[in-house]
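Data first, discussion second: the structure below is written as structure tokens.
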Ligand SMILES: [Cu+2]
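Numbering (the numbering used here), first residue to last: 9 to 347.
Right, here's the structure in full:
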């Protein structure tokens, strides 16, 4: 995949330049320039049936978010520190239900995960099993249930988030454990894709999770927060190596969230070029032009067309190649946008 992408680009450009200039040396020059900048990109035709071309632009933080931040007092300067109470790092769990229990400390400045029943929003924790889309966890007084987890090795990543899903980027906010599940209900596993992920169940599962959360607000005895997890396995992560954790966007983006869609991620062991480091985050929407994020901050993209889109986020090194780390540093998500 990576090899063919690297080969096909210079080849395509060679053909274009050879025709234009009738000179084989132009190919070499183009290839070299390309290798150095990596900013040149292929243009992929829009998917069949797409209504109109999409012209995405990077926009400043939406005013409504700036207003929310102002109304939150000091919360956005908080440095929440999370810790796994369970599962413990390296634990073996003889059940397909994995209870996630977290302790929150640190410089909180009023930060408290909690869903406001009126708005359905609030501070929360992003919980990421293996490299699946995150789940939102609001009430830390109760554990979050990862249900139907496949037997085998898993990673679990967590970090503190704001109501609009922007992560807290202080060091203590992010934690990762690996654990092993034995037994459990593997026989009923849905069929999986080559990457071990089952995307087909996400919609129903999300709808169920939403229903459960609403019920929990209405009735304290209702089931705790949780999610039926599609099958997945841990990537072979080296914790000392650079790691990009994909966070946003995911799922359905409606209304104001669809006007300006936020890209946000967590970075471990890697500093981006604009922050004095050597790494870049490469993003690609619908297989189009590769663009780069050079500071560890969220960006907002406007100009989306309604419908399904794919967003790919990758951590690349100086050489322009994805930094390998268990496959987590190149992640694609399908999202929907409805304005
Ligand atoms: Cu969130």
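Heads up, the beta-carbon is just placed ideally off N, CA and C, and yes, glycines get one too.
Check whether residue i and residue j have beta carbons under 8 angstroms apart
i           : j           : result
residue 164 : residue 189 : no
residue 114 : residue 191 : no
residue 116 : residue 86  : yes
residue 318 : residue 295 : yes
residue 248 : residue 277 : yes
residue 156 : residue 236 : yes
residue 316 : residue 286 : no
residue 342 : residue 330 : no
residue 175 : residue 272 : yes
residue 88  : residue 112 : yes
residue 348 : residue 131 : Summary: the structure shown does not reach residue 348, with the chain confined to residues 9 through 347, and so no result is reported for it.
residue 152 : residue 81  : no
Supposed close pair residue i, residue j - CB separation, criterion 8 angstroms
i           : j           : result
residue 280 : residue 308 : Not quite, the Cβ-Cβ distance comes to about 17 angstroms (not below 8 angstroms), so this is no contact.
residue 346 : residue 260 : 7 angstroms
residue 125 : residue 148 : Their Cβ separation, rounded to whole angstroms, is 17 angstroms, which puts residue 125 and residue 148 out of contact at 8 angstroms.
residue 154 : residue 105 : 7 angstroms
residue 269 : residue 290 : Contact flag wrong, Cβ pair sits at about 17 angstroms.
residue 150 : residue 232 : 4 angstroms
residue 171 : residue 129 : 4 angstroms
Which of helix, strand or coil DSSP assigns to residue i
i           : result
residue 267 : helix
residue 99  : coil
residue 113 : strand
residue 151 : coil
residue 71  : helix
residue 175 : strand
residue 292 : strand
residue 129 : coil
residue 260 : strand
residue 333 : coil
residue 144 : strand
residue 281 : helix
residue 124 : coil
residue 242 : coil
residue 118 : coil
residue 84  : helix
residue 328 : coil
residue 191 : coil
Own chain partners of residue i with C-beta closer than 7 angstroms, once the 5 adjacent residues on each side are dropped
i           : result
residue 311 : 62, 63, 64 and 65
residue 357 : With the chain covering only 9 through 347, there is no way to say anything about residue 357.
residue 183 : 90, 91, 92 and 166
residue 254 : 273, 321, 339 and 341
residue 292 : 298 and 320
Residues near residue i in its chain [Cβ-Cβ closer than 8 angstroms; skip 5 each side]
i           : result
residue 160 : 188, 189, 241 and 242
residue 258 : 141, 142, 341 and 343
6 angstroms Cβ shell around residue i - same chain, five flanking residues per side excluded
i           : result
residue 77  : 84
residue 334 : 243, 244 and 245
residue 140 : 240
residue 332 : none
residue 344 : 260 and 316
residue 306 : 174, 270 and 272
residue 178 : 87
residue 169 : 132, 134 and 175
Sheet register partners of residue i (DSSP bridge)
i           : result
residue 276 : 251
residue 91  : 111
residue 163 : 186
residue 233 : Per DSSP, none; premise fails for residue 233.
residue 345 : 261 and 315
residue 322 : 290 and 338
residue 136 : 165
residue 309 : 66 and 269
residue 298 : 292
residue 106 : 154
Any non-hydrogen atom of ligand 3 closer than 7 angstroms to residue i Cβ
i          : result
residue 86 : Looking at this structure, you won't find ligand 3 anywhere; what it does contain is ligand 1.
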